[in-house]
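A.B. asks: Using my numbering, the letters of the sequence shown map in sequence onto residues -15 to 140. Glycine is no exception: its CB is placed at the ideal position from the N, C-alpha and C atoms. First the structure, which I've put down as structure tokens, then a few questions once you've had a look.
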Amino acid sequence: MAAGRTHNVGTLVLVPIVTWIAWELSHHDMLVTSLAGVGCFCGIFISPDLDMRQRTVSETTLLRWSLGIGYVWVFLWYPYAMLFRHRGISHAPIFGTITRMLYLLGIALLVQYFAHSYADAQWNIWPWVNQHQQSIAIFAAGLAIADLGHWVLDHV
Ligand SMILES: [Zn+2]
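Have a look at this one:
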């Protein structure tokens, strides 16, 4: 079972590999390559260890460097830690990534609901999601590879 810092290093090692694979597979498509690389890098923050109630290394880093925005992030993910048992489904390859993508979608829908109810906002997330399905899938694939690396490190 690897420590948070080891996981972050593992993910950072994976980022150039994923980026290179995406570059080759997409026949040098800049957008696909960037999305896959960024998705993998985001694995440091959208990590399977968000299922822990105590602060993760990434959250501590975020709190130190984000001038307070990190508190919003920690707050947003607290219910996730309550919902999922540590190293349960949240750590399962692919499934864990899906739980976090759906969780983020849930947050976006909640923000939309409150924006519509209390601020008379007109925007809607669904057309955006529909329009960017492919980009979201590529980002999620990069994230899934980071999560897979996390799983491997937890089992060696
Ligand atoms: Zn873990």
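(1) Is His12 near ligand 1, in the sense that its beta carbon is under 7 Å from a heavy atom of that ligand?
(2) Which value, in whole angstroms, describes the spacing of the CA atoms of Asp13 and Cys24?
(3) Helix, strand or coil for Asp104, going by three-state DSSP, please let me know.
(4) I think Leu225 touches Trp57, with their Cβ atoms under 8 Å apart; what is that distance to the nearest whole Å?
(5) Please state whether the Cβ-Cβ distance between Ile122 and Ala20 is less than 8 Å.
(6) Any heavy atom of ligand 1 closer than 7 Å to the beta-carbon of Asp138?
(7) State the DSSP-derived secondary structure class of Asp35, mapped to helix, strand or coil.
(8) Nearest by alpha-carbon distance to Leu127: which of Ala105, Trp4 and Phe29 is it?
(9) Thinking C-alpha only, which one of Gly(-12), Arg84 and Ala125 is nearest Ile5?
(10) Once DSSP output is grouped into helix, strand and coil, what is the label at Ala(-13)?
(11) Go through its chain and collect everything with a Cβ distance to Ser119's Cβ below 6 Å, but skip five positions before and after it.
(12) Using 10 angstroms around the beta-carbon of Glu8, count the other beta-carbons present and answer buried if the total reaches 16, otherwise exposed.
(13) Let me check understanding here. Comparing Cα to Cα, which of Leu88, Ala92, Gln38 and His139 lies closest to Cys26?
(14) So, at 8 Å on beta carbons, what are the nonlocal neighbours of Arg48 in its own chain, with the 5 sequence-adjacent residues on each side left out?
(15) Quick one: what does DSSP say Thr45 is sitting in, helix, strand or coil?
C.D. replies: On the basis of the supplied data:
(1) Within the sequence shown, the letter at position 28 stands for residue 12. Flag unset: Cβ of His12 not near ligand 1.
(2) Locating residue 13 in the sequence shown gives position 29, counting from the first residue. Locating residue 24 in the sequence shown gives position 40, counting from the first residue. Each residue's alpha carbon lies about 17 Å from the other.
(3) In the sequence shown, the residue the question calls residue 104 occupies position 120. Residue state, collapsed to three classes: coil.
(4) Here the chain has residues from -15 to 140 only, and residue 225 is not among them.
(5) In the sequence shown, residue 122 corresponds to position 138, counting from 1. In the sequence shown, residue 20 corresponds to position 36, counting from 1. It is a contact, given that the beta carbons lie within the stated cut-off.
(6) Within the sequence shown, the letter at position 154 stands for residue 138. The answer is yes for Asp138.
(7) Taking the sequence shown and counting its residues from 1, one reaches residue 35 at position 51. Annotated three-state conformation of Asp35 is helix, per DSSP.
(8) As a first step, residue 127 is located in the sequence shown; it is residue number 143 there, counting from the start. Leu127 has its Cα closest to that of Phe29, out of Ala105, Trp4 and Phe29.
(9) Taking the sequence shown and counting its residues from 1, the one referred to as residue 5 is at position 21. It is Ala125.
(10) By 1-based counting over the sequence shown, the position of residue -13 is 3. Here Ala(-13) sits in coil by DSSP.
(11) Stepping through the sequence shown from its first residue, residue 119 is reached at position 135. Here the set comprises Leu19.
(12) Here residue 8 refers to the residue found at position 24 of the sequence shown. Per the 10 Å Cβ criterion, exposed.
(13) Taking the sequence shown and counting its residues from 1, one reaches residue 26 at position 42. The option with the nearest alpha carbon to Cys26 is Leu88.
(14) Counting from one through the sequence shown, the residue named residue 48 turns up at place 64. Correct list, in chain order: Gly54.
(15) Numbered from 1 along the sequence shown, position 61 holds the residue referred to as residue 45. In this structure, Thr45 counts as helix in the three-state DSSP scheme.
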